[in-house]
Amino acid sequence: MIQSMTGFGKHVIQLPSKKITVELKSLNSKSLDLNARMPSAYREKELDLRKIIASSLVRGKVDFGLYVEFTGDETSAEVNEAAIRNYMKQLKTIADGDDLRLLEMALRMPDAMKTEREDIDEEEYKVIQLALKEALTEINTFRSEEGNVLEKDFLDRIGNLKVLLEKVEQMDPERQADVRARLEKAVADLKTDVDANRFEQELIYYLEKYDITEEKVRLNNHLEYFGTTLQSDDSNGKKLGFISQEIGREINTIGSKANYAPMQQLVVQMKDELEKIKEQMLNVL
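The UniProt record's numbering puts the sequence shown at residues 1 to 285.
Quick look at the structure:
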């Protein structure tokens, strides 16, 4: 069962004096690229939270946001009275104004407010972990649903490739006959006598050189293997990508050996289907 790397998860928990919100967004990436946003007071837990996310999401460009909104009367910020009085005293020496005006100016100065850093309460951290796990469950559900859509598209494309391969197999005898006829005509147009046995040997060598039997067999095996891998328990986008490359290699070889316009047209259609698979493959976990 494949998963997409695109997803979104969010979970909100209301505490007596705080509302904690965890958000996760992910897009496709070759590896795990995790960007974390959280209040500075919670940075000490960032490494632990990153490990939890990495163990669940594995790959993708992930944006993690931890937002804490104070909804009660508690606040860790206090007016720095000593600093403000000092600012007002200095301002009086350089500017005229009443105390209210000077107070407004002093409050804009650095260190006018002092914030006491509080350690994260363990119970609160457990709540944050719970919110994160719920958000991870939601984003993984999203990824699985997107993966189902991708899987259906892949199966349709692989089915189209199998149909085109069948047409190539049906056309192959006609192609070989056409190649043989063109060679015989080319020799006849030379209007010179040739050794019939030697010509037949050269013709067989030429036809063997452009034989595509092995490519057809390998391409069919790769298509079957792609379908089997889609149904595996794990989502392995990299493995599917490697199989896609092998499929492309066989299609290209058939195209270079075809030497027959109708078959080359089928090859172009096969390349178009494969290109669409590769585009979607970039988003598979």
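Note that CB positions come from ideal geometry on N, CA and C, so glycine has one too.
Note that this is a predicted model, so its numbers are computed, not measured.
Q: Kindly list the residues whose CB is nearer than 8 Å to the CB of Leu-165, restricted to its own chain and excluding five residues on each side of it in sequence; keep chain order.
A: Lys-216, Leu-219, Asn-220, Leu-223 and Met-270
Q | Straight-line gap, Glu-81 to Gln-90 (C-alpha atoms, nearest Å) | A | 14 Å
Q: Could you spell out where the alpha helix (DSSP H) holding Leu-274 opens and where it closes?
A: 261-281
Q) DSSP beta-bridge partners for Asp-33? A) Beta-bridge pairing links Asp-33 to Lys-61.
Q. Cα separation between Gln-170 and Gln-176?
A. Going by the C-alpha atoms only, they are around 11 Å apart.
Q. Which residues in the same chain as Leu-102 place their Cβ atom closer than 7 Å to its Cβ, once the five residues preceding and following it in sequence are excluded?
A. Result list for Leu-102: Met-88, Leu-91 and Lys-92, in chain order.
Q: For Met-1, count neighbouring C-beta atoms within 10 Å of its own C-beta (all shown protein chains included) and say buried if the count is 16 or more, exposed if not.
A: By the neighbour-count criterion, in which a residue is buried when 16 or more other Cβ atoms sit within 10 angstroms of its Cβ, Met-1 is exposed.
**Q.** Which residues DSSP lists as bridging Phe-154, in chain order
**A.** As far as DSSP is concerned, Phe-154 takes part in no beta bridge.
Q. Touching or not, the region 1-17 and the region 232-242, by the rule of three or more beta carbon pairs under 8 Å?
A. yes
Q: Output the boundary residues of the alpha helix (DSSP H) element that contains Glu-214.
A: 213-230
Q) Within 10 angstroms of its Cβ, does Glu-69 collect 16 or more other Cβ (buried), or is it exposed? A) Flag for Glu-69 reads exposed.
Q.
Out of Val-268, Ile-212 and Val-179, which one is the CA nearest neighbour of Ile-254?
A. Ile-212
Q) Looking at Ile-251 and Thr-229, is the spacing between their C-beta atoms short of 8 Å? A) no
Q | Where Arg-43 falls, given that 16 or more other Cβ within 10 Å makes a residue buried | A | Residue environment analysis places Arg-43 among the exposed positions, since fewer than 16 neighbouring C-beta atoms fall within 10 angstroms of its C-beta.
Q) Mapping DSSP to helix, strand and coil, what is Ser-4? A) Shown here, Ser-4 sits in a strand according to DSSP, grouped into three states.
(Q) Looking at Arg-59: is its Cβ nearer than 8 Å to the Cβ of Leu-34? (A) no
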